[in-house]
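Down below is the structure, laid out as structure tokens.
Numbering (our numbering), first residue to last: 630 to 926.
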């Protein structure tokens, strides 16, 4: 809606995990490199964890692009609310196993044959499980047992478990100690720093066609970082709503008053209180009111 008004060729703050908009912060570069290394080195189990909205799904999308480019067969499970029977059925479907997909025995035999055939040709196979923190114990145990498939060169099936921080806590439970010991690589995503938030916003706007943006001032970007705690998904939502608000008011730049309105409408919770910072577009009267409202006696 606001793209033409600000000069964007596409929405810079789309909420979908588009790899073309990937901001290569050091932690995201490291996470993607670890995922690729784990697959290529046949490490077996790899865990990717992080707070909600930190970019785990985008990392998995980038990994899928890499696997497709390298012609690596993979299964990708996006719904973790599964029974063991449903898990094996979806696994067989994703890997196109020629067997009775409702029979666990036939799926396992067909899977083993596929893995051995690909390993004999010097190739590997990957299982990607998103939202893994929601997996029930019996499904996690079935996944752990799949990790036993190996030859002298390494694991036949590379398994990536991606989930929220609850996954880390779940793996600390005594009943999951066998799975915990098998995880060869761990990657953790956290919120951006202030500098990373600024670079993230600018890079998305540049990718969308505005290379030197003046819509969001440095002071406003710093406040966006504070209120979002550097979480990419929240940054996207705040910026998208800010641009929409500025467009509706026919303003070429956003201000703190708009940010107040947006974060209130989003029911956004963030540490506080903290005084707002002055902004060139921020009305002096509103600034004084905000400072008085957040003054600590």
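Quick reminder that beta carbons are idealized off the backbone N, C-alpha and C, glycines included.
Burial state of residue i (16 or more Cβ within 10 Å)
| i | result |
| --- | --- |
| residue 905 | Its pLDDT being 45, under 50, residue 905 is placed unreliably in this model, and the value from its coordinates should be taken loosely. So residue 905 ends up on the buried side. |
| residue 707 | exposed |
| residue 874 | buried |
| residue 785 | buried |
| residue 725 | exposed |
| residue 748 | buried |
| residue 776 | buried |
| residue 721 | buried |
| residue 658 | exposed |
| residue 800 | buried |
| residue 645 | exposed |
| residue 667 | buried |
Of the residues the options, the one placed nearest residue i, counting alpha carbons only
| i | options | result |
| --- | --- | --- |
| residue 833 | 694, 668, 647 | 647 |
| residue 702 | 631, 752, 714 | 752 |
| residue 661 | 687, 858, 796 | 687 |
| residue 863 | 884, 891, 846, 839 | 891 |
| residue 881 | 867, 739, 842, 852 | 842 |
| residue 819 | 630, 631, 656, 894 | 656 |
| residue 571 | 870, 900, 898 | Since the displayed the chain opens at 630 and closes at 926, residue 571 lies outside it and no answer follows. |
| residue 809 | 823, 822, 770 | 770 |
| residue 695 | 800, 685, 676, 669 | 669 |
| residue 675 | 788, 848, 719 | 788 |
| residue 700 | 672, 801, 750, 805 | 750 |
| residue 698 | 728, 685, 665, 730 | 665 |
| residue 823 | 840, 672, 807, 849 | 849 |
DSSP bridge partner residues for residue i (one or two, in chain order)
| i | result |
| --- | --- |
| residue 608 | In the structure as shown, the chain starts at 630 and stops at 926, and residue 608 therefore has no counterpart that could be examined. |
| residue 684 | DSSP output for residue 684 lists no bridge partner at all. |
| residue 812 | 674 |
| residue 679 | 818 |
| residue 790 | 676, 758 |
First and last residue of the uninterrupted alpha helix (DSSP H) at residue i
| i | result |
| --- | --- |
| residue 572 | No information on residue 572 is available, as it lies outside the stretch 630 to 926 that the chain covers here. |
| residue 739 | 733-749 |
| residue 761 | That residue, residue 761, is in no alpha helix (DSSP H); it is neither H nor E in DSSP. |
| residue 716 | 713-723 |
| residue 877 | 861-877 |
| residue 705 | Premise fails: residue 705 lies in the beta strand (DSSP E), 702-706, not in any alpha helix (DSSP H). |
| residue 635 | 632-635 |
| residue 847 | 847-857 |
| residue 897 | No alpha helix (DSSP H) holds residue 897; DSSP gives it neither H nor E. |
Beta strand (DSSP E) segment containing residue i, residue limits
| i | result |
| --- | --- |
| residue 663 | Counting along the chain, residue 663 falls outside any beta strand (DSSP E), though it belongs to the alpha helix (DSSP H) covering 655-669. |
| residue 832 | Residue 832 -> not in any beta strand (DSSP E); alpha helix (DSSP H) instead, spanning 823-836. |
Exercise. How do the stretch 731-746 and the stretch 677-692 stand: do at least 3 beta-carbon pairs fall below 8 Å, yes or no?
Worked result: no
For this session: Indicate whether the contact test is met: 3 or more Cβ pairs, each with one atom in the stretch 650-658 and one in the stretch 824-831, closer than 8 Å.
Result: yes
Exercise. Do the stretch 762-780 and the stretch 632-641 make contact, defined as three or more Cβ pairs closer than 8 Å?
Worked result: no
Problem set entry | the stretch 793-809 touching the stretch 752-762, judged by at least three CB pairs closer than 8 Å | Cβ pair count under 8 Å is three or more, so yes.
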